[in-house]
Amino acid sequence: MERSLFILSVVSLSIFSLATATAAEFDFLYFTQVWPQSACEKWKEGNENHTCNLRNGQDWSIHGVWPTKDNVIGPLYCDNTTHFDPEAIKSILPQLEAHWIDVHGGHHSKYQFWKHEFLKHGTCAESILELSTELLYFQKGLELHEKYDVSQLLIQGNVHQGSSYNAESFINAVNNSLGGYAPALECDTDSQGHFLYQVGICLSKSFELMSCESVKGGLYGNCPQSTNSLIRYPYGPGSSGVSFGVVFVTLLCMVLFAGLGYFLYSKYLNHRRLAEYNRI
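Counting in the numbering used here, the sequence shown runs from 3 upward without gaps.
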């Protein structure tokens, strides 16, 4: 009887270990960032009483570092023996509060979002040394954000908040800024139409850039693919509310008027000189 129980225990443990190993298999890392203003709009959709935790500035916020299989969402929740420890990330708390924010304000502990991301995605990345502990997982996310900040990638690609673009323009902007590696998009909708919500950047297990064609949903995700369909890039918190286009046109008009004024004044001076010469 004891021998039978022992064999049963060994078999059960082997099956559990095999299942855990299989669940943790993945093909690449999907580093996702969200635009806080869009995340806030999305959060308020279902309940107008929802409040948002927004910070002034133009940074996109980290959503997560997600081990991902080709054309599949997941794996997810790969180690139910791992627990989230707030003390483990105390040393990087200021950086997390600045760059990995929970936009959903006032409804739970500030650690809840980080706990969710670590248990859902971080536990599936333990086979990678740089992501093998809770602290390392979050440190790597912050490092990737500093290196691949979507705010800067879009600006480098001449895409600016407060304006609307088609999905291809967003993809091309990031693709060109990264040197030829296409991101994946996610959009949301409201009464005014589509707005950009998330941009994901794909990396190999050794953190080399790669294009995101293998993300489930492809490069366009749920964003409209038509070049005629415009997607809003909402103003961020603390922005002036003046679009890049308005600023550009204003400056252009100032230059043109200054040039015209100089031209007319030069003509006036020449006319005076000619009149004085004729009087001599």
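Note that beta-carbon positions come from the ideal geometry of N, C-alpha and C, so glycine has one too.
Original post:
DSSP beta-bridge partners for Ser63?
Top reply: Val36
Original post:
From the beta carbon of Leu138, is the nearest beta carbon of chain B less than 7 Å away?
Top reply: Note that chain B does not occur in the displayed structure, where there is just one protein chain.
Subject >> C-beta atoms of His52 and Trp62 nearer than 7 Å >> reply: With a cutoff of 7 Å on beta-carbon distance, His52 and Trp62 are scored as not near each other.
**OP:** Return yes when the Cβ of Phe140 is within less than 7 Å of the Cβ of Ile91, no when it is not.
**Re:** yes
Subject >> Cβ-Cβ separation, Gly202 to Phe33 (assumed contact under 8 Å), whole Å >> reply: With 8 Å as the limit, Phe33 and Gly202 qualify as a contact, their Cβ atoms being about 7 Å apart.
Subject >> Trp68, DSSP secondary structure in three states >> reply: strand
Subject >> Local conformation of Ile91 per DSSP, three classes >> reply: helix
Original post:
Straight-line CA distance for Leu221 to Leu156?
Top reply: 16 Å
**OP:** Say whether the region 114-122 touches the region 80-91, bearing in mind that this needs 3 or more beta-carbon pairs closer than 8 Å, one atom from each stretch.
**Re:** yes
Original post:
Among Leu137, Thr125, Leu56, Asn178, which has the Cα closest to the Cα of Glu89?
Top reply: Among Leu137, Thr125, Leu56, Asn178, the Cα nearest to that of Glu89 is on Leu137.
Original post:
From this set, Pro236, Gly164, Ile64, Ala41, which residue's C-alpha is nearest Gly143's C-alpha?
Top reply: Of Pro236, Gly164, Ile64, Ala41, the residue nearest in Cα terms is Ile64.
Subject >> Sheet register partners of Thr191 (DSSP bridge) >> reply: His196
Subject >> Bridge partners - Arg234, DSSP secondary structure assignment >> reply: Ser166, Phe197
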